[in-house]
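Participant: I'd like to ask some things about the structure below.
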Amino acid sequence: MATLARGRNDELIATTATERQRPDLWLLSLIGALSLLGLVMVYSASYATAAEALGSGTAELLKQGTYLVIGWVALFVMMRVDYHVWRRFALPAMLAAIVLLTLVLIMPSSSLNDVNGAKRWIFIGSQGFQPSELAKLAFVLYLASWLSLRGSDKVGNLTRGLIPFGIVLGLVVALIMREPDMGSSLVFVCIGVGMFFVAGADLLQLGAGMVLAAGTFVLLIQAASYRSGRIDSWLNPWSDPQGSGYHAIQSMVALGSGGFFGLGLGASRQKFSWLPEQYTDTIFSIIGEELGMVGAMLVILLFGCLVYRGYRVALQAPDSFGALLATGITSWFGFQALINIGAVTNSIPFTGITLPFISAGGSALIFALAGAGVLLNISKQTAPPAANRK
Amino acid sequence: MAAIARGATKELRTGRGLSPRARVRVVFSVFVLLALALTGRLFVLQVQQHADLSRKAEAAHLWTDTIPATRGAIYDINGGLLAGNTTADDLYVDMGKLGSVSERRRLADLLAPPLNANPDDLYITLSKVMSGTLRLKGNLTDDQSVRMRELANGWPLQLQTHAKRAYPNGVLLSHVLGYADLDNVGAYGLEGYYEKQLGGTPGSSTAEHDAMGNIIPLGQQRVAPPADGNDLTLSIDMNVQYMVERALDDGMKSTGAGAGQVVIMDPHTGAIIAMASRPTFDPNTYYNQPDVSAFINPVVNMVYEPGSTFKTLVWSAGLDEGKITADTTISEPHCAIKYGYTICNTSTAHYNESPATGLAVSDNIMAMSIAERLGKDDFYKYLQNFGIGQLTNIDLPGEGQGLVNQPSDAGWGPLNLDTNAFGQGISITPLQLLTAVTAVANGGHLMQPYVVQRITDKQGRVVSETQPKVVRDVLNSATTDVMREIMVGVVEHGTGVLAKTKGYRIAAKTGTAQVPRPGGGYEGSATIGSVIGFAPADDPRFVMIVKLDRPQSSQWGENTAVPIFANIAHQLFVYYKVQPTDYQP
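Line by line, the protein sequences give chains A and W.
Per numbering that gives the first Met the number 0, the first sequence starts with residue 0, numbered consecutively.
Per numbering that gives the first Met the number 0, the second sequence starts with residue 0, numbered consecutively.
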């Protein structure tokens with residue numbers, strides 16, 4: 000919180016990327032804890048169906064372990080690279096992300112890229128890759144770069160701030176909604192609006208823009224029957240327990256049967272092919288079933304701490320680029336977790352999205368850990384408030 | 000770097016309204032508020048609705064499956080397998096996973112050759128449904144199962160294995176066996192009659208399951224094991240049954256008969272040794288039978304007018320009551336007028352004829368004479384004692400009782416006594432007549448016929464063993480001694496001459512019955528040709544009835560049924576190693 004207030008303090012500390020300030024160890028530990036919890040829960044949630052489908056109960060565990068190793072290597076690499084380096088890649092990365100997001104839509108449909116009727120994947124051989132995961136990092140980087148260059152004066156300006164921002168966000172969201180992937184779209188909105196707000200958005204403009212966006216959203220829902228059907232099945236999942244309400248019901252049944260203390264680690268029943276995506280998108284429900292409300296709240300608390308430390312890095316960042324970058328990355332983790340938990344508790348319409356660091360997954364996990372690496376690099380360059388120094 | 004930091008702070012601070020620092024706090028607060036809201040939601044789901052959702056989970060996961068009991072096997076007297084168990088696969092298609100039109104077309108073309116189906120028909124079937132599971136074909140052959148398992152790699156095909164009844168001998172003994180249906184429940188024959196013994200008691204498994212129906216290994220499970228069905232060992236001898244069925248098939252072919260039955264019984268015990276009927280069916284593929292009447296066992300379930308074979312009982316009764324003796328001579332005209340009806344013999348008038356000659360030529364007038372000498376009370380008392388018009392209580396389902404009008408019945412008139420004497424105006428089952436004649440063969444004892452010799456459990460312990468049961472003594476042995484000679488005479492120089500066999504004394508009586516019209520009267524030329532008898536006459540090993548419905552080659556039983564009788568008897572002499580009377584070692 001102190002860095003942004005450092006204007007008051009004229010005593011400057013020379014902090015450079017080369018100077019070996021330690022990264023935020025709290026952040027590092029929290030991400031480590033989430034990764035480990037994820038590994039354990041992926042194993043627990045997957046072994047039954049993996050034994051059936053892949054011939055080995057540890058198949059998903061090994062995959063997740065491999066991705067974690069790659070992801071943590073990425074994290075440490077990113078942690079060592081001065082985040083300012085990325086600024087010059089902001090635009091190319093954003094363009095590349097948009098190209099890939101377009102590509103995923105126009106690629107011919109096949110059983111490979113079409114998972115559950117949604118086209119979210121690009122396959123290279125049998126290895127899938129989700130462009131939307133790359134796009135999150137690229138989007139945060141691009142917005143941080145663009146907003147920090149523009150400065151808060153221009154950000155607060157309608158034609159030079161809100162409208163260009165609205166176009167960029169709208170384009171990305173529109174592409175992802177076409178996959179369709181409502182959950183990821185919502186994450187982009189949260190990241191974008193959060194960064195734009197912190198960058199100095201005019202509140203009236205932002206309010207008006209959000210009303211406009213909400214109106215468009217309502218129109219979109221009414222335009223497509225599958226979207227409005229989704230709202231209906233959200234409000235009353237029990238009306239079609241075998242069809243549109245199935246995901247939400249199985250997820251709530253998992254959480255509910257877990258109770259306060261849970262059935263015990265490994266003792267989930269719902270993971271035995273009742274709950275779909277039980278080690279990816281709905282892994283939180285298995286945590287709730289096995290470890291109870293205690294375990295579920297621990298996960299929320301871990302994310303709460305992570306987000307607190309992340310925004311703290313933003314406040315202490317040495318420049319507005321770093322501050323916005325840290326804000327974006329932190330919002331990404333925090334709000335994606337909220338959307339995931341909101342979906343599996345049927346607090347919002349059901350949407351398939353991973354729980355960062357915990358859900359099994361390749362691209363999601365690796366890009367999240369890479370993003371965490373960037374955040375940690377910013378934390379290495381923070382200037383702690385004078386009051387805290389000796 | 001410090002300069003940048005200070006610059007950044009300035010940039011952000013010049014924003015209108017809230018300071019950047021406060022803005023980050025706002026974003027963090029939004030996160031905290033939402034996280035608290037979700038915590039509240041978790042409380043609702045995991046604490047408030049815990050009991051309800053746990054119940055719902057249990058209702059979905061926990062159910063009771065039936066563990067089918069293994070159906071008991073059926074063996075012949077020598078331990079040969081007549082009915083056993085195997086498995087068969089049913090083919091299902093997961094229609095939801097089946098893709099585009101061209102994919103459905105391709106699958107139809109792939110499946111058609113092994114399933115012997117028309118690819119176009121198959122394609123139509125596969126195109127009708129877009130979701131759910133479709134049962135495409137039941138009871139695949141072994142070759143089909145193998146091929147389908149290959150195709151299941153890559154196609155959404157599922158094979159479900161279930162127990163299936165198998166009858167290794169096909170049509171052999173089918174009417175006696177009946178069949179077990181696709182749910183393995185017995186129908187008709189022994190399968191139906193002994194369903195409780197054969198079927199056993201299914202067990203149950205109450206367990207938590209996954210969505211595919213597999214049991215969750217760590218969940219709770221309560222198992223009540225099934226009690227398997229008991230095995231039946233029949234009195235039927237498969238070798239004899241085979242001989243009989245082949246002889247019946249040959250005989251039907253040469254006579255052009257529409258239907259036929261043969262039953263062979265052990266005259267001393269009532270044990271059925273063979274029981275065959277034509278037309279028949281294959282219990283393995285009972286479902287291909289368009290008409291369920293094919294499953295009815297005519298020997299036990301259907302009644303007919305016995306005709307002249309019935310005279311055996313009338314002669315026996317007359318001798319037993321002393322109304323006639325071997326030496327009695329009776330003179331009768333060619334025809335007699337009874338109550339306005341003229342009844343004739345097939346041959347000419349007979350004078351000073353002995354009972355032996357009368358039976359050998361099947362004299363209707365003598366039959367009436369004997370019946371009248373007995374009088375209605377004794378005549379019907381003997382029929383009653385022979386079990387005519389009563390159930391034999393054989394262990395087969397749906398036994399027919401037949402009908403004999405008694406003098407006390409409204410429908411009875413004095414003419415009945417005369418016509419009944421030569422087997423008209425009464426209806427009985429072939430088994431009833433055979434059982435009655437068994438008393439003539441074995442010295443006068445009416446036996447209860449049976450098919451199941453022994454019931455054993457799966458461990459081989461005997462649950463029950465059938466003991467021969469004398470229902471009542473009907474005739475004196477002196478009567479049966481005379482009857483034996485009279486019936487041997489039928490074969491030696493009477494209507495049964497086609498069964499005459501050098502070295503063996505065979506006792507028999509033929510019959511040619513007219514076929515009653517449903518509305519009354521008789522059909523023109525259609526007959527039922529039959530023969531009933533036993534051999535060797537002095538120590539009978541078997542008693543046999545052969546009955547042919549509507550033979551075409553001749554309307555007379557002596558020309559159609561007797562050769563079949565003789566054919567089987569000759570084989571049985573060899574099979575039972577019966578020494579010929581002129582045998583000299």
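Where a beta carbon is used, it is the ideal one built from N, C-alpha and C, also for glycine.
Quick check: is the beta carbon of Leu111(A) nearer than 8 Å to any beta carbon in chain W?
Facilitator: Mapped onto the first sequence, residue 111(A) falls at position 112. Low confidence applies to Leu111(A): its pLDDT is 49, below 50, so where it sits in the model is not reliable, and the reading given next is rough at best. It does not: the Cβ of Leu111(A) has no partner Cβ on chain W nearer than 8 Å.
Participant: Taking Cβ to Cβ, would you say Ile30(A) is nearer than 8 Å to Ala371(A)?
Facilitator: By one-based count along the first sequence, residue 30(A) stands at place 31. By one-based count along the first sequence, residue 371(A) stands at place 372. Cβ distance < 8 Å, so Ile30(A) and Ala371(A) count as in contact.
Participant: Any idea what DSSP makes of Lys379(A), helix, strand or coil?
Facilitator: Counting from one through the first sequence, the residue named residue 379(A) turns up at place 380. Helix at Lys379(A).
Participant: Mind pulling the chain A residues with CB within less than 9 Å of Ile215(W)?
Facilitator: Within the second sequence, numbered from 1, the residue matching residue 215(W) stands at position 216. Here the neighbours are Ala47, Arg268 and Phe271.
Participant: Out of Ser272(A), Gly265(A) and Gln221(A), state which residue places its alpha-carbon closest to the alpha-carbon of His246(A).
Facilitator: Start at 1 with the first residue of the first sequence, and residue 246(A) comes out as number 247. Taking only the C-alpha atoms, the option nearest His246(A) is Ser272(A).
Participant: How far does the beta strand (DSSP E) with Tyr91(W) in it extend, from its first residue to its last?
Facilitator: The residue given as residue 91(W) occupies position 92 in the second sequence. Start and end: Leu80 to Asp93.
Participant: Between the stretch 533-542 of chain W and the stretch 257-270 of chain W, can you find at least three pairs of beta-carbon atoms closer than 8 Å?
Facilitator: Here the stretch 257-270 of chain W lies against the stretch 533-542 of chain W, with 3 or more beta-carbon pairs under 8 Å apart.
Participant: What's the C-alpha gap between Gly287(A) and Pro179(A)?
Facilitator: As a first step, residue 287(A) must be located in the first sequence, where it is residue number 288. As a first step, residue 179(A) must be located in the first sequence, where it is residue number 180. In a straight line, the C-alpha of Gly287(A) is about 28 Å away from that of Pro179(A).
Participant: Since Phe541(W) sits in a beta bridge, which residues does DSSP pair it with?
Facilitator: For the purposes of this step, residue 541(W) is taken as residue 542 along the second sequence, with counting starting at 1. Ala534(W).
Participant: Can you list the residues of chain A that His174(W) reaches, using a CB-CB cut of under 8 Å?
Facilitator: If you number the second sequence from 1, residue 174(W) lands on position 175. Chain A residues near His174(W): none, gap ~47 Å exceeds 8 Å.
Participant: Is the CB of Ala295(A) under 8 Å away from at least one CB in chain W?
Facilitator: Against the first sequence, residue 295(A) aligns to sequence position 296. Judged by the 8 Å Cβ criterion, Ala295(A) is in contact with chain W.
Participant: For Phe128(A), list the residues DSSP reports as bridge partners.
Facilitator: Taking the first residue of the first sequence as 1, we reach residue 128(A) at position 129. The partner list for Phe128(A) (beta bridge, DSSP) reads Ile121(A).
Participant: Once you ignore the five residues that flank Thr592(W) on each side, which residues in its own chain have a CB closer than 6 Å to its CB?
Facilitator: Because residue 592(W) is not part of the residues shown, which for chain W are 0 to 584, the question remains open.
Participant: Residues in its own chain within less than 8 Å of Ser227(A) by CB, not counting five upstream and five downstream?
Facilitator: Here residue 227(A) corresponds to residue number 228 of the first sequence, with the count starting at 1. Contacts found: Ile220 and Gln221.
Participant: Assess contact between the stretch 518-535 of chain W and the stretch 453-462 of chain W, defined as three or more Cβ pairs (one per stretch) separated by less than 8 Å. Is contact present?
Facilitator: no
Participant: Below 8 Å on C-beta distance, what does Tyr307(A) contact in chain W?
Facilitator: Locating residue 307(A) in the first sequence gives position 308, where the first residue counts as 1. Ordered by position in chain W, the residues that pass the 8 Å Cβ test against Tyr307(A) are Phe27.
Participant: Between Val450(W), Tyr379(W), Thr284(W) and Val451(W), which has its C-alpha nearest Leu416(W)'s C-alpha?
Facilitator: Position 417 of the second sequence holds residue 416(W). The residue with the shortest Cα to Cα distance from Leu416(W) is Tyr379(W).
Participant: Are any of the Cβ atoms in chain A nearer than 8 Å to that of Ala56(W)?
Facilitator: Here residue 56(W) corresponds to residue number 57 of the second sequence, with the count starting at 1. Closer than 8 Å: yes.
Participant: Just the C-alpha distance for Arg229(A) and Leu274(A), rounded to the nearest angstrom, thanks.
Facilitator: Taking the first residue of the first sequence as position 1, residue 229(A) is located at position 230. Taking the first residue of the first sequence as position 1, residue 274(A) is located at position 275. Taking the straight line joining both Cα atoms gives about 18 Å.
Participant: Let me know if Asp227(W) comes out buried or exposed under the rule of 16 or more other beta-carbons within 10 Å of its beta-carbon.
Facilitator: Here the question's residue 227(W) lines up with position 228 in the second sequence. Looking at its Cβ environment, which holds 16 or more other Cβ atoms inside 10 Å, Asp227(W) is buried.
Participant: Are at least three pairs of beta-carbons, each pair with one atom in the stretch 238-248 of chain W and one in the stretch 268-287 of chain W, less than 8 Å apart?
Facilitator: yes
Participant: Quick check on Glu657(W): does DSSP put it in helix, strand or coil?
Facilitator: Because residue 657(W) is not part of the residues shown, which for chain W are 0 to 584, the question remains open.
Participant: Is the number of C-beta pairs between the stretch 208-221 of chain W and the stretch 418-435 of chain W that are closer than 8 Å three or more?
Facilitator: no
Participant: Exposed or buried, which one is Glu557(W) when buried takes at least 16 other CB atoms within 10 Å?
Facilitator: Indexing the second sequence from 1 puts residue 557(W) at position 558. The residue in question, Glu557(W), is buried, as its Cβ has 16 or more Cβ neighbours within 10 Å.
Participant: Assuming Val293(A) and Gly261(A) make a contact with CB atoms under 8 Å, what is their CB distance in whole Å?
Facilitator: In the first sequence, the residue the question calls residue 293(A) occupies position 294. In the first sequence, the residue the question calls residue 261(A) occupies position 262. The Cβ separation is near 7 Å, so the contact holds.
Participant: If you follow the alpha helix (DSSP H) that Ser130(W) is in, where does it begin and where does it stop?
Facilitator: Residue 130(W) sits at position 131 when you count from the first residue of the second sequence. Run containing Ser130(W): none; DSSP gives neither H nor E here.
Participant: In this structure, does DSSP put Thr205(W) in helix, strand or coil?
Facilitator: Locating residue 205(W) in the second sequence gives position 206, counting from the first residue. Residue state, collapsed to three classes: strand.
Participant: Using only alpha-carbon positions, find the residue among Ile567(W), Lys501(W) and Gln551(W) that is nearest to Val530(W).
Facilitator: Reading the second sequence from its first residue, position 531 is the one you call residue 530(W). Of Ile567(W), Lys501(W) and Gln551(W), the residue nearest in Cα terms is Ile567(W).
Participant: With a CB to CB cut of under 6 Å and the five nearest residues on each side skipped, what residues in its chain are close to Ala506(W)?
Facilitator: Position 507 of the second sequence, counting from 1, holds the residue named residue 506(W). Correct list, in chain order: Arg483, Met486, Val487, Gly532, Phe533 and Ala536.
Participant: Where do the N-terminal and C-terminal ends of the alpha helix (DSSP H) with Met78(A) fall, by residue?
Facilitator: For the purposes of this step, residue 78(A) is identified with residue 79 of the first sequence, where counting begins at 1. Run containing Met78(A): Ala58 to Arg79, per the alpha helix (DSSP H) assignment.
Participant: Beta strand (DSSP E) containing Arg70(W): first to last residue?
Facilitator: For the purposes of this step, residue 70(W) is taken as residue 71 along the second sequence, with counting starting at 1. Neither: Arg70(W) is in no beta strand (DSSP E) and is coded neither H nor E.
Participant: Looking at chain W, is there any beta carbon in it that lies within less than 8 Å of the beta carbon of Met292(A)?
Facilitator: Looking up residue 292(A) in the first sequence gives position 293. Yes, Met292(A) counts as interfacial toward chain W.
Participant: Would you mind working out which of Ala335(W), Lys468(W), Lys322(W) and Leu402(W) sits nearest Ile369(W), comparing C-alpha positions?
Facilitator: Indexing the second sequence from 1 puts residue 369(W) at position 370. Of the candidates Ala335(W), Lys468(W), Lys322(W) and Leu402(W), the one whose C-alpha sits nearest the C-alpha of Ile369(W) is Lys322(W).
Participant: When you compare only the Cα positions, how much space is there between Val100(W) and Tyr278(A)?
Facilitator: Translated into the one-based positions of the second sequence, residue 100(W) becomes position 101. Translated into the one-based positions of the first sequence, residue 278(A) becomes position 279. Approximately 33 Å between the Cα atoms of the pair.
Participant: How is Arg516(W) classed by DSSP in three states: helix, strand or coil?
Facilitator: Start at 1 with the first residue of the second sequence, and residue 516(W) comes out as number 517. Looking at Arg516(W) - three-state DSSP - the assignment turns out to be coil, as it is neither helix nor strand.
Participant: Could you name the residues of chain W that Gly341(A) contacts, counting a contact when the two beta carbons are closer than 7 Å?
Facilitator: The residue you call residue 341(A) lines up with position 342 of the first sequence. Going along chain W in sequence order, the residues near Gly341(A) (Cβ under 7 Å) are Leu37.
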